[in-house]
Amino acid sequence: MRLDVVTIFPEYLEPLNVSLVGKARARGQLDVRIHHLREWTHDRHHTVDDTPYGGGPGMVMKPDPWGEALDEVIGSGEGEPVIVVPTPSGRPFTQQLAQELSERPWLVFTPARYEGIDRRVIEEYAERHDVREISIGDYVLAGGEAPVLVMVEAVARLLPGVLGNADSHRDDSFASGAMASLLEGPVYTKPPLWRDRGIPEVLLSGHHGRVERWRRDRALERTSAHRPDLIRELGAGTLDRHDRAT
Ligand code: ADE
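Going by UniProt numbering, the first residue of the sequence shown is number 1, and it counts up by one from there.
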């Protein structure tokens with residue numbers, strides 16, 4: 001998969017050299033290219049922002065550098081990229097959207113600073129490309145770079161061969177499958193006794209059926225406590241007799 005990021009803070013994307021994403025790059029599973037937006041400015045100060053028409057606080061990112069940058073980046077590859085525009089006014093980023101993006105060969109991210117990018121840029125590229133305005137949550141960050149890190153990590157770990165164990169995202173919170181829409185319950189490892197605290201007996205029983213039942217009960221408890229909205233959304237028939245008792 002190819003990933004391009006156009007930003008005025010290339011150093012903000014340095015975590016993409018580390019850990020899961022860094023290793024995927026080193027193995028050639030991810031081709032990540034970071035571009036400095038100011039390279040597509042032509043004035044002495046490398047200006048990327050200006051005051052908003054209609055007044056108001058803050059600055060707006062100018063269309064000219066974004067247009068030149070996107071033309072060059074998009075023109076440098078084969079095929080059709082998805083252009084991902086991080087913005088608090090976008091559609092919510094979900095596991096399902098991460099899955100959908102992970103199935104595309106090429107993503108171009110356009111993290112903005114200030115009050116966002118001149119609207120005409122989004123309109124212009126949406127006429128010819130698949131443009132997605134995406135929010136990572138109901139809070140406002142100072143820019144889209146942190147959201148890019150979040151989205152790239154969520155997408156990269158879904159690529160075939162990137163996680164060591166292909167099963168390890170099967171039971172993820174929000175994954176599809178038997179544990180669909182439930183939050184993951186607690187996990188334990190050695191030692192069996194830590195500060196007088198033991199391990200739930202059932203996990204030591206070797207009884208696969210009882211372990212699965214226990215995990216599902218804990219997932220239901222945690223989901224009820226932290227995300228009652230998800231329990232309400234579970235389709236009729238998703239809960240069995242045991243679940244309802246939990
Ligand atoms: N830029 C600023 N806040 C954001 C958010 N919550 N999601 C995506 N991009 C953003």
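No residue lacks a Cβ here, since even glycine has one placed at the ideal position from N, Cα and C.
Exercise for the section: Could you spell out the range, first to last residue, of the alpha helix (DSSP H) harbouring P228? Expected result: 228 to 233
Handout entry: Span separating the alpha-carbon of I83 from that of R195
Key = 50 Å
Exercise for the section: Out of E133, D172, G209, state which residue places its alpha-carbon closest to the alpha-carbon of V148. Expected result: E133
Problem - Identity of the residue in D49, F174, A146 nearest P15 by Cα - result: A146
Exercise for the section: Report yes or no: do three or more beta-carbon pairs, one from the segment 72 to 92 and one from the segment 46 to 56, lie closer than 8 Å? Expected result: no
Exercise for the section: Work out the CA separation of V121 and V74 for me, nearest whole Å. Expected result: Residue 74 is actually Ile in this sequence, not Val. Going by the C-alpha atoms only, they are around 14 Å apart.
Handout entry: Rounded distance between the beta-carbons of L183 and R227, thought under 8 Å
Key = 6 Å
Handout entry: Continuous beta strand (DSSP E) assignments of at least 3 residues falling wholly in the segment 7 to 72
Key = 31 to 36
Exercise for the section: Taking residue 276 as the reference, give the member of S173, P192, L193, V6 with the closest Cα. Expected result: No answer is possible for residue 276: it lies beyond the span of the chain, which begins at 1 and ends at 246.
Handout entry: Beta-bridge pairing of P92 - partner residues as DSSP gives them
Key = S135
Problem - Environment of R113 [buried if 16+ CB atoms lie within 10 Å] - result: buried
Problem - Identity of the residues DSSP links to residue 247 by a beta bridge - result: Nothing in the structure corresponds to residue 247, since the chain is present only between 1 and 246.
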